[in-house]
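The structure appears below as structure tokens.
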Amino acid sequence: MSAGTLVRLDGTVADRALPLLRADDLGVLRGDGVFEALLVVDGRPRHLDEHLARLERSATALGLRAPAAERWRRCLATAIDRHGAVGETYARFFLTRGPEDGGPHTGFVLVDDVPDSTRRLRAEGVRAVTLTRGHVTVPPEQAPWLLNGAKTLSYAVNMAAQRWARDHDADEALFLAGDGTVLEAPTAAVVLAVGGRRLLTPSPDLGILPSIALAGLFRAAAAAGWECGYARLTTADLLGGEGVWLVSSVRLCARVRSIDGTVCPPGPHEDEIAALARRP
């Protein structure tokens with residue numbers, strides 16, 4: 002795996018082994034910032050417009066001044082060109098509030114090779130454990146200060162959930178609301194296939210992040226004759242369906258092999274769903 006590439010928002014290439022942020026950058030001190038991640042295939046970023054639009058929405062939710070999309074595009078193009086455009090890589094966009102004393106926002110792009118661990122989970126599927134979020138879900142518009150639906154840098158809980166899963170003989174976590182409603186994985190959306198070629202996923206009204214990868218899968222699936230929609234799902238629904246997948250921009254699509262130790266048998270649509278998730 003080659004070393005990753007770092008490009009500042011002003012377009013300059015930087016050595017990622019050297020300091021980039023001030024010690025008092027609020028992205029470090031308080032996780033006060035936003036980010037996006039997307040897959041790049043042979044130098045072509047997938048769903049770039051959608052990711053930049055979501056980055057702007059997230060920044061607006063935090064009261065950040067989002068740089069123009071064209072600046073991000075130029076920065077990304079430089080990073081891809083410098084890193085190399087063969088095979089699969091992934092890009093991450095970062096924007097922080099900047100120094101605590103009110104200096105300018107900090108923005109940069111990282112491009113890296115897709116990790117072998119991500120490829121393995123795509124191919125082999127994931128063992129999941131359910132974890133409660135411990136709160137009642139509310140639509141984002143009812144509590145905008147909670148930043149539900151914004152992709153912020155405050156991912157400590159998400160990472161803690163993944164560590165808990167790995168420490169308990171699993172690969173990934175599935176978040177549940179206090180009433181047992183399925184929400185999302187720490188870094189992926191949940192998709193369930195049911196009879197009659199239907200795909201279901203939890204609604205963004207539950208306070209989860211609207212998934213760009215999921216939207217792309219639903220577009221491709223609808224064109225292939227699937228009915229796609231939202232529903233309140235439980236663990237029992239997932240175990241009783243015709244396949245469960247975790248969908249995200251870099252991972253694409255990984256089948257859930259088991260939930261809390263209960264095996265989820267392969268459904269009849271495994272290959273088709275994987276192919277639909279890969280469609281540009």
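Going by the numbering used here, the letters in the sequence shown line up with residues 2 to 281, in that order. Quick reminder that beta carbons are idealized off the backbone N, C-alpha and C, glycines included. Only a predicted model underlies this, so the values are computations on that prediction, with no experimental measurement involved.
Notebook entry, point to check: By DSSP, does glutamate 243 sit in helix, in strand, or in coil?
Noted result: As a first step, residue 243 is located in the sequence shown; it is residue number 242 there, counting from the start. The three-state reading of DSSP puts glutamate 243 in coil, since its state is none of H, G, I, E or B.
C-alpha gap between serine 155 and arginine 280, whole angstroms: Here residue 155 refers to the residue found at position 154 when the sequence shown is read from its first residue. Here residue 280 refers to the residue found at position 279 when the sequence shown is read from its first residue. About 31 Å.
Item to check | Close Cβ partners of arginine 72 (< 7 Å) along its chain, the five nearest in sequence each way excluded | outcome: Within the sequence shown, residue 72 is the residue found at index 71, counting from 1. Hits under 7 Å: Leu10.
Q.
Taking 8 Å as the threshold (C-beta atoms), are glycine 88 and aspartate 50 in contact?
A. Locating residue 50 in the sequence shown gives position 49, counting from the first residue. Locating residue 88 in the sequence shown gives position 87, counting from the first residue. At least 8 Å separates the beta-carbon of aspartate 50 from that of glycine 88.
- Who are valine 195's beta bridge partners in DSSP? By 1-based counting over the sequence shown, the position of residue 195 is 194. Beta-bridge analysis with DSSP links valine 195 to Arg199.
When you compare the stretch 176–191 with the stretch 239–256, are there three or more beta-carbon pairs, one atom per stretch, that lie closer than 8 Å? yes
**Request:** Give the straight-line distance between the Cα atoms of proline 141 and aspartate 206, rounded to the nearest whole angstrom.
**Result:** As a working mapping, residue 141 is identified with position 140 in the sequence shown. As a working mapping, residue 206 is identified with position 205 in the sequence shown. If you take the alpha carbons of proline 141 and aspartate 206, they lie about 7 Å apart.
>> Between which residues of its own chain and leucine 277 is the CB-CB distance below 7 Å, once the five residues before and five after are set aside?
In response: Position 276 of the sequence shown, counting from 1, holds the residue named residue 277. The answer, listed in chain order, is Leu218, Ala221, Ala222, Ala225.
Unbroken alpha helix (DSSP H) run spanning glutamate 101, endpoints: In the sequence shown, counting from the first residue as 1, residue 101 sits at position 100. That residue, glutamate 101, is in no alpha helix (DSSP H); it is neither H nor E in DSSP.
Practice prompt. Decide if threonine 133 is buried, meaning its Cβ has at least 16 other Cβ atoms within 10 Å, or exposed.
Written response: What you label residue 133 is simply residue 132 of the sequence shown in a count that begins at 1. Threonine 133 should be labelled exposed.
Checklist entry - Out of curiosity, what's the CA-to-CA distance linking leucine 239 and leucine 193? => result Walking along the sequence shown from the start, residue 239 turns up at place 238. Walking along the sequence shown from the start, residue 193 turns up at place 192. Taking the straight line joining both Cα atoms gives about 6 Å.
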